[in-house]
Structures are given as structure tokens and as C-alpha cells.
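**Student:** Residues 1 to 332, numbered by UniProt numbering, are exactly what the sequence shown covers, in order.
Glycine included, each C-beta is placed from N, C-alpha and C at the ideal position.
What you are looking at is a predicted structure, and each value in this text was computed from that prediction instead of being measured.
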Amino acid sequence: MAIKTIEFYERKDEQIMLIPYIIFFTGFIFMLKGGDLFVDAATWLAKITRMPEVLIGATIVSLATTLPETMVSTLSSIHNETSMAIGNAIGSIICNTGLVLGICNIIKPSKIRSRIFYIKGIMLLLYIVAFWFLASSGVIQGISITILFIMLAIYIVFNLRVVQYQKDHQNLHEKKSSFTFKEVLYQFFVFIAGAAFILIGANLLVDYGVIIAEHWGVPSGIIAITILAFGTSLPEFITSVTAIRKGHAGLSMGNIIGSNILNISLVLGASASFNPLQFTTQNLALDIPVAFIINFLLIVPAFFTKRISRLQAFLIFLVYVVYMGFLILYYI
């Protein structure tokens, strides 16, 4: 009888321990659906403004798909889990390039036709170096936050100038897009619903991600840079796969580069506004260098070849796999 009682309580404990995992992955589902709705609304806006693909990807779509990272990292910082805020932002940059663009271009290599890709690619590399320099002091606070927001402002102003240039050079006889009030109202509700789903999902991921990390004795920053980063990068992954499958490689490239720039300037800037971000030796000696290397491998060869080759994509993906493998073997 005593043995059966012990077995009953052991099974009960196991069931109770499953609850955080169920809620954690429910958070992923909320984030995924919210990101899907948000991207739909953003894409509709892009369509009626008739902006070029790379610009759409680097502005409207990247802002929409970066919202999960922004919410998760900001809420992590508010909850004083700054290592999760940092890990999610840096991990998303690595995941966006290594996993998302790596796999997409292994499946279907992309041709680069727009100069905007190269300009924003160089901007991204410079932003990573600038962020690395700011983080080298061990903490981002005060003036460093201001610099991150200045970087964000530069990126936004640049995009606005490009949009204005495109409008000035559009065919004056081109038919303007028309839309009804009902359509605008519907897209507004889609936008709000997407934001609400993302907010709910972000709260679930942060709260129960910490519980799972404590249960396994794994630093919360590692949970953030691996599992959370993958989860918050799902909108970018889905958007990029769909774009490349439909022959819109420019949208995919612009989306990822724009998202990476926003992860540095917006996500980390917003997170640091609530709590100073403390950087570990791993962040400075491994995570940020990998983020730079993986984006360098994406952008610099494309300057000369005007395309992302299958070999190049495989190397980018390999860096991601080796990096993830190292973290898993070291901490688990």
C-alpha cells in the first residue's frame, strides 16, 4: 500500500512538472499566431503603399516580425531577467541568419538585385560592431542606451528617405491602390489581435522559461539564446520561407537584415531602458562574435557574387549548428 501511495505521488509530481512545459509551448503558439496576424496586417499595408520588396521586408515586415523579440526581451528586463533579454536578442540575430536564411537559401539560392541589400547589410555589420563596443564595458545603461536609440533613429530616417525617393520616382500614371473603410477596419483588428496574442505569448514564455531553467539548473540566458530565440524567430522563418517559395527573395533578405538591425537598436535599447543589461564573458567572447561572423558570411560574399549560393548558405547554417551544439554540450 505504501509503495502504491509513493508511486501515485511520484506520478502526480511528474504531471505537475509537465504543466510549465505545456504553458511554455502554449506561449509559443500564441506568439506564432500573433506574429502571423501581425505580418498579414503589415503586408497589406505594404501592398497598398507599393514599396519595393527589399524595402517592405526591411521596414514594415521586419518591424512586425521583430515584435515578439521586443516583447520577450522587454518583459524579461522588467522582470529583472536581463540575461534572458540579452540572450533572446543576440540569439535571434544568430537564428535569423544561420537557421532561417541558411535553410531558405540551401533550398533555393537567391539572387541579389537591389542596392538596398548591400547598404543595409553594411549598416548591420557596423551596428553589430558598435553594439559589441558598447557591451565591452560589461553593461549597457545611460549614454549607451541613447546611442542605441540614435542608431534606431538613423535606420528609420534612412528608410523614410528611401520610401520618399521611391514615391518621387514612381510612374505618375500608375494606378493607385484602392481600399474600403471595411477593409481598413478589418486590418486594424487583425493588427490589434496580433499584438495581443504576442503580448500574452511573451508573458507566458518569460515566466515559464525561467521556471524550466531553474528546474534543469540551466542559466536562463542559455534558455533564451537557444529555445526562446528560436521561438521568437518563427515569424521571420515563416515569412522568409513563404517569400522565397513564391520567388520574392528580396522580401526575405530585407526582412532578416531589418530584423537583425532592430534586434540591436530597438530590442536591446528598449530592454536596457528598464534595467541595465549586464554582459557575461560568454556574451562578449562567443555570442556577439558569432553574430558578427554569421552575418559577415552572408553579406560580404554577396557583394562580389550578387547572390547567396547554396555553399554559402550551408556554411552559414553550419556555423549556427556548431554554435548551438557547443552551448548544448557545455550546459546540458
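Please list, in chain order, all residues of the same chain as Ile-223 whose beta carbon is under 6 Å from its beta carbon, the five residues on each side excluded.
**Tutor:** Here the question's residue 223 lines up with position 223 in the sequence shown. Closer than 6 Å at Cβ, skipping near neighbours: Gly-209, Ala-213.
**Student:** Please list the segments of the alpha helix (DSSP H) lying wholly inside the UniProt domain "Sodium/calcium exchanger membrane region" (21–160), counting only runs of 4 or more residues, in order along the chain.
**Tutor:** Runs found: 53–56, 62–78, 82–94, 102–107, 115–135.
**Student:** Anyone know if the C-beta pair for Asn-96 and Arg-310 falls short of 8 Å?
**Tutor:** Within the sequence shown, numbered from 1, the residue matching residue 96 stands at position 96. Within the sequence shown, numbered from 1, the residue matching residue 310 stands at position 310. No, the Cβ-Cβ distance between Asn-96 and Arg-310 is not below 8 Å.
**Student:** Of the choices Ala-193, Leu-75, Tyr-331, Ser-259, whose alpha-carbon is the least far from that of Ile-90?
**Tutor:** Stepping through the sequence shown from its first residue, residue 90 is reached at position 90. Nearest C-alpha to Ile-90: Ser-259.
**Student:** So who's on the other strand from Ile-211, going by DSSP bridges?
**Tutor:** As a working mapping, residue 211 is identified with position 211 in the sequence shown. According to DSSP, Ile-211 bridges with nothing at all.
**Student:** Assuming Gly-221 is part of the alpha helix (DSSP H), what are its boundary residues?
**Tutor:** For the purposes of this step, residue 221 is taken as residue 221 along the sequence shown, with counting starting at 1. Element bounds for Gly-221: 220–223.
**Student:** Please report the distance separating the alpha-carbon of Ile-288 from that of Ile-128.
**Tutor:** Counted from its first residue, the sequence shown places residue 288 at position 288. Counted from its first residue, the sequence shown places residue 128 at position 128. Straight-line Cα distance between these residues: approximately 8 Å.
**Student:** Quick one: using the 10 Å Cβ neighbour count with 16 as the cut-off for buried, is Asn-159 buried or exposed?
**Tutor:** By one-based count along the sequence shown, residue 159 stands at place 159. Classification of Asn-159: buried, given that the 10 Å Cβ count is 16 or more.
**Student:** Contact defined as beta carbons within less than 8 Å: I believe Thr-99 pairs with Tyr-320. What is the distance between those atoms, to the nearest angstrom?
**Tutor:** On the sequence shown, position 99 is the one that residue 99 refers to. On the sequence shown, position 320 is the one that residue 320 refers to. Here residue 99 is Leu; the residue named in the question, Thr, does not match the sequence. That pair is a contact at about 5 Å.
**Student:** Give me the Cα-Cα distance between Ile-308 and Ile-299, rounded to the nearest whole angstrom.
**Tutor:** Locating residue 308 in the sequence shown gives position 308, counting from the first residue. Locating residue 299 in the sequence shown gives position 299, counting from the first residue. C-alpha separation (whole angstroms): 9 Å.
**Student:** Looking only at its chain, what residues have a beta carbon closer than 6 Å to the beta carbon of Thr-74, apart from the 5 residues adjacent to it on each side?
**Tutor:** Within the sequence shown, numbered from 1, the residue matching residue 74 stands at position 74. Taken in chain order, the residues that qualify are Ala-270, Ser-271.
**Student:** The alpha helix (DSSP H) that contains residue 334, what's its start and end?
**Tutor:** What is shown of the chain runs 1 to 332, which leaves residue 334 out entirely.
**Student:** Taking all protein chains shown into account, decide if Lys-111 is buried (16 or more other Cβ within 10 angstroms of its Cβ) or exposed.
**Tutor:** For the purposes of this step, residue 111 is taken as the residue at position 111 of the sequence shown. Burial call: exposed.
**Student:** Spatial neighbours of Ile-294 within its chain, please: CB distance less than 7 Å, with the 5 preceding and 5 following residues excluded, ordered by chain position.
**Tutor:** Residue 294 sits at position 294 when you count from the first residue of the sequence shown. If we look at Ile-294 and ignore the five residues flanking it on each side, its Cβ neighbours are Ile-94, Thr-97, Gly-98, Ile-316, Val-319, Tyr-320.
**Student:** Of all the options Arg-115, Phe-191, Ser-144, Leu-152, which has the alpha carbon lying nearest to the alpha carbon of Ile-261?
**Tutor:** One-based indexing of the sequence shown puts residue 261 at position 261. With distances taken between Cα atoms, Ile-261 lies closest to Leu-152.
**Student:** Measuring CA to CA, which of Ile-78, Thr-180, Pro-219 is closest to Ile-328?
**Tutor:** As a position in the sequence shown, residue 328 is number 328, starting the count at 1. Among Ile-78, Thr-180, Pro-219, the Cα nearest to that of Ile-328 is on Pro-219.
**Student:** Pair every Cβ in the stretch 107–127 with every Cβ in the stretch 226–234, then say whether three or more of these pairs are closer than 8 Å.
**Tutor:** Too few Cβ pairs lie closer than 8 Å, so no.
**Student:** Judging by CA-CA distance, which residue of Gly-102, Phe-279, Asp-36 is the nearest neighbour of Leu-67?
**Tutor:** Within the sequence shown, residue 67 is the residue found at index 67, counting from 1. Taking only the C-alpha atoms, the option nearest Leu-67 is Asp-36.
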